[in-house]
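**Student:**
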Amino acid sequence: MNLEAERLLDRIGLEILSALQEDGRITFSELGKRVGLSSPAISERVRRMEEAGIIKGYRAIVDPEKMGYPITAAIRLSASRERQEELLDFLRERKEVLLCERVTGADSYLLKVIVTNVSHLEALLDSLSKFGQPVTSIVLSVPIDYRPIQKWHSGDERL
Numbered sequence: 729m730n731l732e733a734e735r736l737l738d739r740i741g742l743e744i745l746s747a748l749q750e751d752g753r754i755t756f757s758e759l760g761k762r763v764g765l766s767s768p769a770i771s772e773r774v775r776r777m778e779e780a781g782i783i784k785g786y787r788a789i790v791d792p793e794k795m796g797y798p799i800t801a802a803i804r805l806s807a808s809r810e811r812q813e814e815l816l817d818f819l820r821e822r823k824e825v826l827l828c829e830r831v832t833g834a835d836s837y838l839l840k841v842i843v844t845n846v847s848h849l850e851a852l853l854d855s856l857s858k859f860g861q862p863v864t865s866i867v868l869s870v871p872i873d874y875r876p877i878q879k880w881h882s883g884d885e886r887l
């Protein structure tokens, strides 16, 4: 973490981030009331956090089931180094793939996908099998859907 980012993550900065993570549409006026700063001061702080890359963006959280994708699955996949770029190109083209993380361990990638039904999932797995053996888990429920990122301090028992 650079010095500018560290300065922005003081107590007020962390309160701003917490509020924005809970409600990305909060007005600067309301945010200012919560943390004790003026609207222009909040605007400047948020702009600096965006420029520093602390705030990466804003987006709506959409329910996949209401969009016609009732099944969410996690797929682990190992791919040879020679086929990684081809795999990544393939994954970028597949609208079912919401997330692709490169991971350590026995697998190379962890995917989060949404599909319309089990046949759709089977077809996706068949397509992925040319890159390696996919290992799939269907999500039954989501006990922790989204948790805002908080800054912990050494000695904090939550670590």
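Quick note on numbering: the sequence shown equals residues 729 to 887 in my numbering. We treat Cβ as the ideally placed atom computed from N, Cα and C, and that holds for glycine.
1. What span of residues does the beta strand (DSSP E) with Val841 cover, start to end?
2. Across the region 781 to 789 and the region 818 to 835, are there enough close Cβ pairs to call them in contact, namely three or more that are closer than 8 Å?
3. Pairs of beta-carbons, one from the region 789 to 803 and one from the region 862 to 878, closer than 8 Å: are there three or more?
4. Given this structure, state the Cα-to-Cα distance separating Leu765 from Ile872, to the nearest angstrom.
5. Check for me: the alpha helix (DSSP H) holding Arg804 runs from which residue to which?
6. If you count every other CB in all the chains shown that lies within 10 Å of the CB of Gly741, and 16 or more means buried, which is it?
7. Just to confirm the assignment, what range does the alpha helix (DSSP H) spanning Glu732 have?
8. Check Arg809 in the structure and name its three-state DSSP category.
9. Do you know offhand how far Ala733's Cα is from Gln878's?
10. Give a yes or no on whether the C-beta atoms belonging to Leu815 and Phe756 are separated by under 8 Å.
11. Smallest Cα separation from Arg820: which of Glu810, Arg809, Ser806, Leu839?
12. Mind checking whether Val763 and Glu779 have CB atoms under 8 Å apart?
13. Does the CB of Ala788 have a neighbour CB from chain B at under 8 Å?
14. Could you give the DSSP three-state label for Glu829: helix, strand or coil?
15. For Val863, which residues does DSSP report across the bridge?
**Tutor:** According to the data block:
1. 837 to 843
2. no
3. yes
4. Near 32 Å, if we compare the C-alpha coordinates of Ile872 and Leu765.
5. DSSP places Arg804 outside any alpha helix (DSSP H); the residue lies instead in the beta strand (DSSP E), whose first and last residues are 799 to 805.
6. Buried, by the Cβ-count rule.
7. 731 to 736
8. helix
9. 14 Å
10. It is not a contact, given that the beta carbons lie outside the stated cut-off.
11. Looking at the Cα atoms, Leu839 is the closest of the given residues.
12. no
13. Among the protein chains of the structure shown there is no chain B, as only one such chain exists.
14. Looking at Glu829 - three-state DSSP - the assignment turns out to be strand.
15. Answer is Arg804, bridged to Val863.
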